Amino acid sequence: MGFFSKIKRLWKKPDLEAAPVTDEAAVEGVGTAPESCDAADVAQAAAAPQAASVTTPPPAPTAPKEPAPPAAETPPPGLAPSVAPIPKAAQAAPDTDAPWRNQLVLALREAEPRLSVWLSLILTDVDRAGPLLWERLTFLFSCLDAPAAEAETFVGQFRKWLTDMEYDEVEEFRSELQYRLALALDLEDEEDERNRLFLKLSESLAKTKEQIARRIDGLLGSHKVMDAAFWDEFEEILIMADLGYEPTAKLLEILKDRVRKSGETDPARFREILREELSAIFTPQKTIRAVNPPEVVMIIGVNGVGKTTTIAKLAHRASLQGKKVLIAAGDTFRAAAIDQLKIWADRVGAIFYAKGENADPAAVAYEAMDRAIAEGCDIMFLDTAGRLHTKANLMEELKKIKRVLGKKHPGAPHRSILVLDATTGQNALSQTRLFHEAVELDEIILTKLDGTAKGGVIVGIALEYRLPITFVGLGEKMEDLRPFSGQDFALALLT
Amino acid sequence: MFDSLTDRLEGVFKKIRGHARLTEDNVQDALREVRLALLEADVNFKVVKDFVERVRERAMGQDVLKSLTPGQQVVKIVHDELIELLGGQATALDLKDRPAAIMMVGLQGSGKTTTSAKLALRLRRDFKKKPYLVPADVYRPAAIEQLTKLGAQIDVAVHPSQTGQNPVDICTAALAEAAKNGFDVVIFDTAGRLHVDEALMEELASIKAKASPAEILFVADSMTGQDAVTVAKSFNDRLDISGIVLTKMDGDARGGAALSIKGITGKPIKFVGMGEKLSDLEIFHPDRAASRILGMGDILTLIEKAQTDIDADEAAAMEKKLRKAEFNLEDFRTQMRRVRKLGSLEGILKLIPGMSQVRQKLGEVQMPEKEMARVEAIISSMTKKERVNPKIINQSRRERIAKGSGTTVLDVSQLLKNFTQMQKMMQRMMAGGKMPASGKMPKMPRLPGEGGEPQPQDPRFARTPGKSTSASKRKKQKRKKR
């Protein structure tokens, strides 16, 4: 679901001058989204808080979670002043004598219906944040037939963000804007956005790639056949890539087996085989994504891996996707951890729950759960204190938190996510194992993948534990936490 | 997963047992094992290459000492070489200037802020200095608050930095402030940054230029993998660091990063972070780190670990009880809980030389942790009276206890039987009797007070001392008796 409660395919009032023009762009733009307008989606999206006061969505059979009243009670700040009906906003477009509007409409119509293209048109001649940019953004939304009030909220939130982050020049925030649009318009799966992600991933892996690819080149160049010496050397390459001893042995087994079966001895084909196997390792298992709301996400990991920042990024994503988010400060141990999370919660516009330093984290979880249910949140992120996986008492504490959540809300936590630092070596395997034993992990998020020449540990973990890696951290910005694709990873690494 | 280089090398050398001299040929396979062991411990491959070369040179042509097997001989060489590489000359902090500035640098999440506070505490306590903490991380939300709170906890003054300020200005202002108010050490806690972040690295360079710190400590996570060298090298090239602090050494990481960083920068490792408490900052011991990297256990750390968790008074009281054989189930439970506090059994076993095989076997049969939890449940289901005087537990009480703890009457009886045995044994022991052979020890997991084992051999070369899983307990007990 996206940020906007509805983006319809057709203009309601065909008599508008702009209507036939933007019509097509809008149709194509939204049409490429995977059936984002089917009943369930609309209903779900309509349940988003912004929607309640502006639109009259069909009764939402699939979304019984959120009664409208509480949502209406807490409208986002930008919502109140301008509850303008859509037609007005659209009508305003051709009426004003700003020539750029018509030009923009024409350009948008001409352009390929892709987010990046639209964005570059919107940003033509705009080099810093200001009224012109807001107007154009609002105009784009009106062209896409998004409810005006929601468009207003989107722009308002974005402006607040820019103020918080002290961004001014377009270059500083362009990428963030595109990220927000992609999430809000539910276009993240689009080729455009995927390409962007792939580029970013390739960039981040450049160093790793340089090392691994060079060594593999060397390996392939110096061996005529895939013999024992070849495998020995390859084993070393894998270990050097932080893959780990056991995973390396496992991967070698798989590769050798495959090579033997195919009867291939020429190293020329090796790279391809390796890539295929790598992709296969990351093939995600089918899981049931549906949850009984509020969805509870528990974030765990050792000290300093980036749990708090990861929560901020995940919450940011969720709120851009139109979800009502609660962040619970379960790290009551580290000094000022609560303050840090509070700042983030304010920035991303999430509800924040904390009990104070040195409070019992299980109690925080319990009460936060209460609050999330009472407020009708869609998703709750629970931060936990960093803990070394070898400390039995701290692992017990984690189990207790999990139990308490489950007692309060059956099924919770729906996702227990282990955050791993990509610069970690073999210890990542030990971390995964012990945390998995303690609380049964559902997912892994790998942070700080940028700037390091590593990441081999991902392969090791996927091989050993079959746990899905769902996101990777590719930088410090909010948009830099991206969905992980094993295929892309294998491709970025080996081509 | 192999755990001890010794075990692995033994396998390699089986083939050539009987050779009196290490030669190019017979040492080849062994060196491959050494290399893999080091890579496995996260030592960087470049460092490994140089290192293995040095070991080869040193090993070549050496006579195999009579007391050792060729495998042990190589391990000894490797171990010595590691200590040499890790050690070098240990230099104390340079605190001549008044105020002397110490700058903490490193990646995000390596532990700079915590280490700053730990260092301040140490300087105040052990060096009788008057430290001044300066939060210079204006980027991460609430980083300043974090250091301010830590400062308050250890009663050390903290500079009132603001997020709007420039870190370079903060540092110069703080230095002036410190000079004015008679602080003698100033610690700059800089923001975590990637070594490739040009702008932020430049910021560090200007802090260095303006504040000319006497010490620049590079804070590194001991769990870092192969990339540790790249990062350390960048920081060193840019700032010419004066020393290294390794953090999170209380986990189960081998800490090969220590070797990588030391090897590549040549700078001394000055401290290691060993826990979450602010007093958990220790001087670096090359010999312990070497044993740990090679997976040979780290008995000294274990002993210290046990020591920190039990205070002297308590230990004295316990000793008295033991002497009078008043040790009851209540005490037993306290002891058991304490052991669990030391960390997972696996973590403890890892620190004990030669325990890797025992650990593997345990893992397959049953997790002793579970057994311990069960024993604890049984004891907890007893009344206080029963715990103090187990003799009163009759059949009906047993039934009640079994019910209460979700176990069977048989389990309860077994526990009581073992406990009585243990008590008897302790009585004998305390009266100066000898320990029974280890094979006859009661089969209860982790009984406290089994002291009296012979001192383990030098941990570095120990192979398989003791098969009991309660070696840790023994260590602790021994200390208590002194």
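Protein chains in written order, with the working numbering: chain A, 1166 to 1660; chain B, 99 to 580. Even glycine gets a Cβ: it sits at the ideal position worked out from N, Cα and C. Source: prediction; values computed, not measured.
- Report the residues of the region 347-371 of chain B with a CB closer than 8 Å to any CB of chain A, ordered along the chain. Interface annotation for the region 347-371 of chain B against chain A: Asp348, Gly349, Asp350, Ala351, Arg352, Gly354 and Ala355, criterion Cβ-Cβ distance under 8 Å.
- Query: How big is the Cα-Cα spacing for Leu1646 of chain A and Leu1611 of chain A?
  - Reply: Translated into the one-based positions of the first sequence, residue 1646 of chain A becomes position 481. Translated into the one-based positions of the first sequence, residue 1611 of chain A becomes position 446. Rounded to whole angstroms, the gap between the alpha carbons of Leu1646 of chain A and Leu1611 of chain A is 9 Å.
- Closer than 9 Å by beta-carbon distance: list the chain A residues that pair up with Ser478 of chain B, in chain order. The residue given as residue 478 of chain B occupies position 380 in the second sequence. Ser478 of chain B does not reach chain A, its nearest Cβ partner there being about 15 Å away, counting only Cβ pairs nearer than 9 Å.
- Message: Counting only C-beta atoms, is Pro168 of chain B closer than 8 Å to chain A at any point?
- Response: In the second sequence, counting from the first residue as 1, residue 168 of chain B sits at position 70. Residue-level contact by beta carbon fails for Pro168 of chain B and chain A, as no gap is shorter than 8 Å.
- State yes or no: is the C-beta of Gln1591 of chain A nearer than 7 Å to some heavy atom of the ligand GTP? Among the components modelled here there is no ligand, and therefore nothing to report on the ligand GTP.
- Task: Would you give the residue range spanned by the beta strand (DSSP E) that Phe1546 of chain A belongs to?
- Result: To locate residue 1546 of chain A, count along the first sequence from 1; it is residue 381. Annotation: the continuous beta strand (DSSP E) that includes Phe1546 of chain A extends over Ile1544 to Leu1547.
- Where Ala198 of chain B meets chain A, residues with beta-carbon distance less than 9 Å: Sequence index remark: in the second sequence, residue 198 of chain B carries index 100 (1-based). Chain-order list of chain A residues neighbouring Ala198 of chain B: empty, with the shortest C-beta distance near 25 Å, by a criterion of under 9 Å.
- Item | Candidates B:Glu182, B:Leu205, B:Thr345 and B:Glu155: closest to Thr1126 of chain A by CA position | Only positions 1166 to 1660 of chain A appear in this structure, which leaves residue 1126 of chain A out of reach.
- Message: Would you say Gln650 of chain B lies against chain A (beta-carbon separation less than 8 Å)?
- Response: This structure cannot settle anything about residue 650 of chain B, because the visible part of chain B is limited to 99 through 580.
- Within the 8 Å Cβ cut-off, does Glu484 of chain B reach chain A? Position 386 of the second sequence, counted from the start, is the residue given in the question as residue 484 of chain B. At least 8 Å separates the CB of Glu484 of chain B from every CB of chain A.
- Query: With a cut-off of 8 Å, does the C-beta of Glu138 of chain B fall near any C-beta of chain A?
  - Reply: As a working mapping, residue 138 of chain B is identified with position 40 in the second sequence. Output row for Glu138 of chain B: interface = yes.
- Is there at least one Cβ from chain B nearer than 8 Å to Gly1638 of chain A's Cβ? Within the first sequence, residue 1638 of chain A is the residue found at index 473, counting from 1. Answer no: the Cβ-Cβ gap between Gly1638 of chain A and chain B never drops below 8 Å.
- CA-to-CA distance, Ile1402 of chain A to Asn1468 of chain A, given in whole angstroms: On the first sequence, position 303 is the one that residue 1468 of chain A refers to. On the first sequence, position 237 is the one that residue 1402 of chain A refers to. One C-alpha to the other measures close to 29 Å.
- Proximal chain B residues relative to Ala1501 of chain A, where beta-carbon distance stays under 7 Å: The sequence position of residue 1501 of chain A within the first sequence is 336, counting from 1. In chain order, Ala240, Glu243, Gln244 and Lys247 make up the part of chain B whose C-beta sits under 7 Å from the C-beta of Ala1501 of chain A.
- Query: Of the residues that make up the region 311-335 of chain B, which ones have a beta carbon closer than 9 Å to any beta carbon in chain A?
  - Reply: Of all residues in the region 311-335 of chain B, only Asp319, Ser320, Met321, Thr322, Gly323, Gln324, Asp325, Ala326, Thr328 and Val329 come within less than 9 Å of chain A when Cβ atoms are compared, listed by chain position.
- Message: What residue range does the alpha helix (DSSP H) around Asp1357 of chain A cover?
- Response: Here the question's residue 1357 of chain A lines up with position 192 in the first sequence. Run containing Asp1357 of chain A: Glu1356 to Ser1369, per the alpha helix (DSSP H) assignment.
- Along chain B, in chain order, which residues have C-beta atoms closer than 8 Å to that of Leu1467 of chain A? Numbered from its first residue, the first sequence carries residue 1467 of chain A at position 302. The sequence shown places Val at residue 1467 of chain A, not Leu. The answer, in chain order, is Met321, Lys346 and Gly349.
- Three-state secondary structure assigned by DSSP to Val1192 of chain A: Here residue 1192 of chain A refers to the residue found at position 27 of the first sequence. For Val1192 of chain A, the pLDDT reaches just 39, beneath the cut-off of 50, and the residue's location in the model is therefore unreliable, although a value from the coordinates is still provided. It is helical.
- Query: Ile381 of chain B to Glu275 of chain B, Cα distance in whole Å?
  - Reply: On the second sequence, position 283 is the one that residue 381 of chain B refers to. On the second sequence, position 177 is the one that residue 275 of chain B refers to. C-alpha separation (whole angstroms): 30 Å.
- Query: chain B beta carbons: is any one of them nearer than 8 Å to that of Leu1646 of chain A?
  - Reply: Here the question's residue 1646 of chain A lines up with position 481 in the first sequence. Output row for Leu1646 of chain A: interface = no.
- Query: Is there at least one Cβ from chain B nearer than 8 Å to Trp1283 of chain A's Cβ?
  - Reply: Counting from 1 along the first sequence, the entry for residue 1283 of chain A is found at position 118. No, Trp1283 of chain A does not count as interfacial toward chain B.
- Task: Taking Asp429 of chain B as the reference, give the member of B:Leu379, B:Arg485, B:Ala471 and B:Met480 with the closest Cα.
- Result: Start at 1 with the first residue of the second sequence, and residue 429 of chain B comes out as number 331. The closest CA to that of Asp429 of chain B, considering only B:Leu379, B:Arg485, B:Ala471 and B:Met480, is found on B:Arg485.
- Query: Taking Cβ to Cβ, would you say Ala218 of chain B is nearer than 8 Å to Pro229 of chain B?
  - Reply: Numbered from its first residue, the second sequence carries residue 218 of chain B at position 120. Numbered from its first residue, the second sequence carries residue 229 of chain B at position 131. Contact: yes.
- Task: Pull out every residue of the region 1567-1593 of chain A whose Cβ sits closer than 9 Å to any Cβ of chain B, in chain order.
- Result: Under the 9 Å Cβ criterion, the region 1567-1593 of chain A contributes Asp1586, Ala1587, Thr1588, Thr1589, Gly1590, Gln1591, Asn1592 and Ala1593.
- When A:Arg1568, A:Lys1642, A:Ala1537 and A:Lys1613 are compared against Gln1343 of chain A, the one with the closest alpha-carbon: Position 178 of the first sequence, counting from 1, holds the residue named residue 1343 of chain A. It is A:Lys1642.
- Task: Would you list, in chain order, the members of the region 1324-1350 of chain A that have their beta-carbon closer than 8 Å to a beta-carbon of chain B?
- Result: Here the close residues number zero.
- Query: Looking at chain A, which residues of the region 208-228 of chain B have a Cβ within less than 7 Å of any of its Cβ atoms?
  - Reply: Correct list: Ser208 and Gly209.
- Query: Is Leu1547 of chain A near Ala1519 of chain A, with beta carbons less than 8 Å apart?
  - Reply: Counting from 1 along the first sequence, the entry for residue 1547 of chain A is found at position 382. Counting from 1 along the first sequence, the entry for residue 1519 of chain A is found at position 354. With contacts defined by Cβ atoms closer than 8 Å, Leu1547 of chain A and Ala1519 of chain A do not form a contacting pair.
- Task: Go through its chain and collect everything with a Cβ distance to Leu1639 of chain A's Cβ below 7 Å, but skip five positions before and after it.
- Result: Sequence index remark: in the first sequence, residue 1639 of chain A carries index 474 (1-based). Taken in chain order, the residues that qualify are Lys1365, Leu1366, Ser1369, Leu1614, Asp1615, Asp1645 and Arg1647.
- Query: Going by beta carbon distance, what residues of the same chain come within less than 6 Å of Val1622 of chain A, once the five residues before and after it are set aside?
  - Reply: Indexing the first sequence from 1 puts residue 1622 of chain A at position 457. The residues are Asp1407 and Ala1593.
- Message: I'd like to know if Ile1404 of chain A contacts chain B, where contact means its C-beta is closer than 8 Å to some C-beta of that chain.
- Response: The sequence position of residue 1404 of chain A within the first sequence is 239, counting from 1. Interface residue, yes.
- With respect to the beta strand (DSSP E) encompassing Ser1581 of chain A, which residues constitute its N-terminal and C-terminal limits? Position 416 of the first sequence, counted from the first residue, corresponds to residue 1581 of chain A. Looking at the DSSP string, the run of the beta strand (DSSP E) that includes Ser1581 of chain A is Arg1580 to Asp1586.
- Message: Going by DSSP in three states, Met321 of chain B sits in which element: helix, strand or coil?
- Response: Start at 1 with the first residue of the second sequence, and residue 321 of chain B comes out as number 223. Judged by DSSP in its simplified three-state form, Met321 of chain B adopts coil rather than helix or strand.
- Cross-chain neighbours of Phe143 of chain B in chain A, by beta carbon under 9 Å: The sequence position of residue 143 of chain B within the second sequence is 45, counting from 1. In chain order: Glu1401, Ile1404 and Met1405.
- Query: Thinking just about the alpha-carbon of each residue, which of A:Arg1536, A:Gly1466, A:Thr1473 and A:Glu1275 is nearest to the one in Lys1507 of chain A?
  - Reply: Position 342 of the first sequence, counted from the start, is the residue given in the question as residue 1507 of chain A. For the options A:Arg1536, A:Gly1466, A:Thr1473 and A:Glu1275, the alpha carbon positioned closest to that of Lys1507 of chain A is the one of A:Thr1473.
- At 7 Å on the CB atoms, spell out the chain B contacts of Leu1553 of chain A, in chain order. Here residue 1553 of chain A is taken as the residue at index 388 of the first sequence, counted from 1. Chain-order list of chain B residues neighbouring Leu1553 of chain A: Lys346, Asp348 and Gly349, by C-beta distance under 7 Å.
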